[in-house]
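Novice: When we follow our numbering, the leftmost residue of the sequence shown carries the number 162, and every step to the right adds one. By construction, the Cβ of each residue, glycine as well, lies at the ideal position given by its N, Cα and C atoms.
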Amino acid sequence: MTDKRGFSLRLIPKLVCACIASTATADIYQWHDGDGDGSLWLSSSLAVPFSNVSRQTLWWAELENENLSSINLSASNVSFAHLANTNLQNAGLAFTLFVGADLHAANVSNANLFYADISDADLSGVANWESAFWLATRYNENTILPKGMNPEQYGMIFTEIPAPSGFLAFGLGIFCTKRRR
């Protein structure tokens, strides 16, 4: 079907669909009680390569063996997520919280982990970690790093785990100063 100027009217719906598809983003949904206390968190489901799931809360996400190449997870919270054997090649992971996450044997080739937090995470067996961008990535003494990785060479930041006695002394100090007034 064409109009008087020879313009195909069948082309209009195709153009509309192409415009909508080019702006698509993905949200990941699945209910999961990660800590067993009865609270439910929005978590994993459909994540595909090149998705934009930045600034999402994905606690305890179940994403093992997924292909998440070139995904944008920047500034997301994927604490305690299960990402073992996941393909994160060329992924945008800057400012992402991976606290307590399982990244065992994940592929992080050319991934950007700038200022990500991998405290308490398991990165044992991570593939292609040499080509990832680790500058300012934070880790602690409980982080399991890949064999042979020297975090100082990659500009990573060691964060100490605060001692409980330090909090106690601080609290007592505040309490005592308030009582004197």
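1. With 16 as the cutoff for other CB atoms within 10 Å, does Ser237 come out buried or exposed?
2. Can you grab the Cα-Cα spacing for the pair Leu229 / Glu223, in whole Å?
3. If the criterion is Cβ atoms closer than 8 Å, does the pair Asn268 and Ala288 meet it?
4. Using alpha carbons as the reference points, say which of Glu291, Ser285, Gly261 lies closest to Ala272.
5. Could you tell me which residues DSSP pairs with Thr218 in its beta bridges?
6. Does the Cβ-Cβ distance between Ser240 and Trp220 come in under 8 Å?
7. Under 8 Å, do Ala277 and Thr298 count as touching if we go by C-beta distance?
8. Tell me the DSSP secondary structure of Ile322 in three-state form.
9. Classify Ile305 as helix, strand or coil using the three-state DSSP reduction.
10. Taking the straight line between their C-alpha atoms, what separation do you get for Leu244 and Glu313?
11. Using the beta-carbon count (16 or more within 10 Å), is Val209 buried or exposed?
12. Using the three-state DSSP reduction, which class does Tyr300 fall into: helix, strand or coil?
13. Please classify Phe259: is it buried, with 16 or more other beta-carbons within 10 angstroms of its beta-carbon, or exposed?
14. Are there 16 or more other CB atoms within 10 angstroms of the CB of Ser321, so buried, or fewer, so exposed?
15. On the three-state DSSP scale, how would you describe Glu313?
16. Could you tell me the alpha carbon to alpha carbon distance between Asp263 and Leu306, rounded to whole angstroms?
17. Measuring only the C-alpha atoms, how far is Ile318 from Tyr300?
18. When DSSP builds the beta bridges, which residues end up paired with Asn248?
Specialist: This is what the structure gives:
1. Mapped onto the sequence shown, residue 237 falls at position 76. Per the 10 Å Cβ criterion, buried.
2. Stepping through the sequence shown from its first residue, residue 229 is reached at position 68. Stepping through the sequence shown from its first residue, residue 223 is reached at position 62. Cα to Cα, the separation comes out at about 13 Å.
3. Along the sequence shown, one-based indexing puts residue 268 at 107. Along the sequence shown, one-based indexing puts residue 288 at 127. Contact: yes.
4. Taking the first residue of the sequence shown as 1, we reach residue 272 at position 111. It is Glu291.
5. In the sequence shown, residue 218 corresponds to position 57, counting from 1. Its beta-bridge partners are Asn238.
6. Position 79 of the sequence shown, counting from 1, holds the residue named residue 240. Position 59 of the sequence shown, counting from 1, holds the residue named residue 220. Yes, the Cβ-Cβ distance between Ser240 and Trp220 is below 8 Å.
7. Taking the first residue of the sequence shown as position 1, residue 277 is located at position 116. Taking the first residue of the sequence shown as position 1, residue 298 is located at position 137. Against a cut-off of 8 Å, the Cβ pair of Thr298 and Ala277 comes out as a contact.
8. Locating residue 322 in the sequence shown gives position 161, counting from the first residue. Three-state DSSP puts Ile322 in coil, outside helix and strand.
9. For the purposes of this step, residue 305 is identified with residue 144 of the sequence shown, where counting begins at 1. It is a strand residue.
10. As a working note, residue 244 is residue 83 in the sequence shown. As a working note, residue 313 is residue 152 in the sequence shown. Looking at the two C-alpha atoms, the distance is approximately 24 Å.
11. Taking the sequence shown and counting its residues from 1, the one referred to as residue 209 is at position 48. Val209 is exposed by the Cβ-count criterion.
12. Here residue 300 refers to the residue found at position 139 when the sequence shown is read from its first residue. Residue state, collapsed to three classes: strand.
13. Within the sequence shown, residue 259 is the residue found at index 98, counting from 1. Looking at its Cβ environment, which holds 16 or more other Cβ atoms inside 10 Å, Phe259 is buried.
14. Taking the first residue of the sequence shown as position 1, residue 321 is located at position 160. In the sequence as displayed, the identity of residue 321 is Glu instead of Ser. It counts as exposed.
15. The residue labelled residue 313 in the question sits at position 152 within the sequence shown. It is helical.
16. Translated into the one-based positions of the sequence shown, residue 263 becomes position 102. Translated into the one-based positions of the sequence shown, residue 306 becomes position 145. Straight-line Cα distance between these residues: approximately 11 Å.
17. Here residue 318 refers to the residue found at position 157 of the sequence shown. Here residue 300 refers to the residue found at position 139 of the sequence shown. Each residue's alpha carbon lies about 6 Å from the other.
18. On the sequence shown, residue 248 is found 87 positions in, with the first residue counted as 1. DSSP output for Asn248 lists Asn228, Asn268 as bridge partner(s).
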